[in-house]
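Peer 1: In my numbering, the protein residues as written are 1011 to 1439. Quick reminder that beta carbons are idealized off the backbone N, C-alpha and C, glycines included. Here it is: the structure, laid out below.
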Ligand code: ATP
């Protein structure tokens, strides 16, 4: 018999269901099971005297075992859960569980050791159902706007952005690196004439960060687009796709998000405020007494979000035109003021979720900028080569999917929005 999902059970029709035993009460003359699958739960009621072959099969079976039950459901006023009970004709034990090594109150570390059991929790599974929809929305938007999906290599002979935050590995006796982002390759796609690309893929950062927003491996949604006039074109696109994504997610999951996580999904109707880095520094100085700096720290991010929410009523804010010295070598400088770059970050609910920019596509300028960052251009020659045979002006951004989800659902850490978290102290399971 084909399996029926618990939510689809109709009374008085023979069905076969499969799932976990969530609860098992063995009484004098009756056994009551609660069987749970992805869609719901149902009580299975077994009269011991009438069904000895089933009682025999259940010997030694404990909660969290996986079984199939064939039978017929009836409405029952005595059953609280869904008002239905399933009277079995047969059962098959598919997998017998041991006593679980974790409870709901286990430490986060122990839960991580047994992540697959932790993920059985409905709330945890919901996070990944929402993420699926969220990624679908991003794919839907990009593909319907002429973006091509690419999959760039994650092992490379050159490190993407230099610096110490790169994992080195051995590649048949030669050094290789895990890519910190698809940055260089998505730019290559611009030189290839793809015009608009996106990628959803992993990034690797050898950072000893123990924060709620950093992982050593994370999934990034990256886009790159050609023939832009400035980074503002990239921001326009990002604003649009975020509104589209939130709209779609809130339609399908808004109520579940409210009920489960206590968060309202707000689909912004207004344009996201755009403040230059210098304006932000002045605001933080004048309103909160902060010293001016060359980059944003977590406190500055929190305070500027608070300010923007109070002044504009918007959860999002673009901070634009960062000092050139605090951005990567591939960022285009402003022609009239090279100390500032055509770059931006997007902040949402107190935190950076995106970095974006117009890139430098002129090989001679790029080479100069690489030198200015103290990197030997010879080491980057195969990258600079991308731009020597004609390349349109272009720009793009990257958004961390776990960060976006954590903000969407009000989760305290990106760990909760990561199937298996990887951090400096976490490489298992
Ligand atoms: P931060 O300043 O928070 O460390 P970053 O400026 O290094 O981030 P980028 O390299 O610009 O971040 O990456 C773009 C986006 O990728 C970030 O806005 C964030 O959403 C995500 N991201 C970056 N680093 C991490 C990380 N270690 N773990 C999870 N997500 C990350």
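#1: Thinking just about the alpha-carbon of each residue, which of 1339, 1144, 1199 and 1359 is nearest to the one in residue 1257?
#2: Out of curiosity, what's the CA-to-CA distance linking residue 1405 and residue 1241?
#3: At what residues does the alpha helix (DSSP H) containing residue 1024 begin and finish?
#4: Count the CB pairs spanning the region 1317-1325 and the region 1339-1355 that are closer than 8 Å, and state whether there are at least three.
#5: Roughly how many angstroms lie between the CA atoms of residue 1429 and residue 1038, to the nearest whole one?
#6: Using DSSP with H/G/I as helix, E/B as strand and the rest coil, what is residue 1258?
#7: Taking residue 1344 and residue 1336 to be in contact with their CB atoms under 8 Å, please state how far apart those CB atoms are, rounded to whole angstroms.
#8: Helix, strand or coil for residue 1330 per DSSP?
#9: I'd like the ranges of any alpha helix (DSSP H) spanning at least 4 consecutive residues and lying wholly in the region 1281-1368.
#10: Given 8 Å as the limit, is there contact between the region 1419-1434 and the region 1210-1230, that is, 3 or more CB pairs closer than that?
#11: Decide if the region 1233-1251 is in contact with the region 1103-1122; the criterion is three or more beta carbon pairs, one per stretch, under 8 Å apart.
#12: In this structure, does DSSP put residue 1378 in helix, strand or coil?
#13: Tell me whether residue 1083, by its Cβ, gets closer than 8 Å to a heavy atom of the ligand ATP.
#14: Taking its Cβ as the centre, do 16 or more other Cβ atoms sit within 10 Å of residue 1371, making it buried, or is it exposed?
#15: Taking just the CA atoms, how far does residue 1273 sit from residue 1146?
#16: Between the C-alpha atoms of residue 1079 and residue 1030, what's the straight-line distance to the nearest angstrom?
#17: May I ask you to report which of helix, strand or coil DSSP gives residue 1242?
#18: Would you give the residue range spanned by the beta strand (DSSP E) that residue 1174 belongs to?
#19: Can you give the Cα-Cα distance for residue 1180 and residue 1206, rounded to whole angstroms?
#20: Any heavy atom of the ligand ATP within a distance shorter than 8 Å of the CB on residue 1335?
#21: If the criterion is Cβ atoms closer than 9 Å, does the pair residue 1162 and residue 1211 meet it?
#22: From which residue to which residue does the beta strand (DSSP E) around residue 1053 run?
#23: Since residue 1054 and residue 1098 should fall inside the 8 Å C-beta cutoff, what is the C-beta to C-beta distance between them, to a whole number of angstroms?
#24: In whole angstroms, what separates the C-alpha of residue 1177 from that of residue 1227?
#25: I'd like to confirm something about residue 1365: is its beta-carbon nearer than 8 Å to some heavy atom of the ligand ATP, or not?
#26: Evaluate the contact criterion for the region 1260-1268 versus the region 1351-1371: three or more CB pairs, one atom per stretch, below 8 Å.
Peer 2: Let's see:
#1: Taking residue 1257 as reference, the option from 1339, 1144, 1199 and 1359 with the minimal CA-CA separation is 1144.
#2: It is roughly 7 Å from the alpha-carbon of residue 1405 to the alpha-carbon of residue 1241.
#3: Not the alpha helix (DSSP H): residue 1024 falls in the beta strand (DSSP E), residues 1024-1036.
#4: Touching, no.
#5: Between residue 1429 and residue 1038, the C-alpha separation is close to 42 Å.
#6: In this structure, DSSP gives residue 1258 a helical state, which the three-state scheme calls helix.
#7: Between the beta-carbon of residue 1344 and that of residue 1336 there is about 14 Å, and that puts the pair past the 8 Å contact cut.
#8: Strand.
#9: Complete alpha helix (DSSP H) runs here, min 4: 1287-1298 and 1308-1322.
#10: Touching, yes.
#11: Pairwise C-beta distances place the region 1233-1251 out of contact with the region 1103-1122, as fewer than three of them are shorter than 8 Å.
#12: Of the three classes helix, strand and coil, the one that applies to residue 1378 here is helix, per DSSP.
#13: No.
#14: Buried.
#15: About 21 Å.
#16: When rounded, the distance between both Cα atoms is 11 Å.
#17: Reduced to three states, the DSSP call for residue 1242 is helix.
#18: Membership of residue 1174 in any beta strand (DSSP E) is not indicated, and neither H nor E is assigned to it by DSSP.
#19: In this structure, the straight-line span from the alpha carbon of residue 1180 to that of residue 1206 is close to 33 Å.
#20: Relative to the non-hydrogen atoms of the ligand ATP, the Cβ of residue 1335 never comes closer than 8 Å to any of them.
#21: Yes. Within cutoff.
#22: Where residue 1053 is concerned, the enclosing beta strand (DSSP E) starts and stops at 1051-1057.
#23: Indeed they touch by this definition, with Cβ atoms about 6 Å apart.
#24: The straight-line gap from Cα to Cα measures roughly 10 Å.
#25: Checking every heavy atom of the ligand ATP against the Cβ of residue 1365, one is found closer than 8 Å.
#26: Contact between the region 1260-1268 and the region 1351-1371 is absent, because fewer than three Cβ pairs lie under 8 Å.
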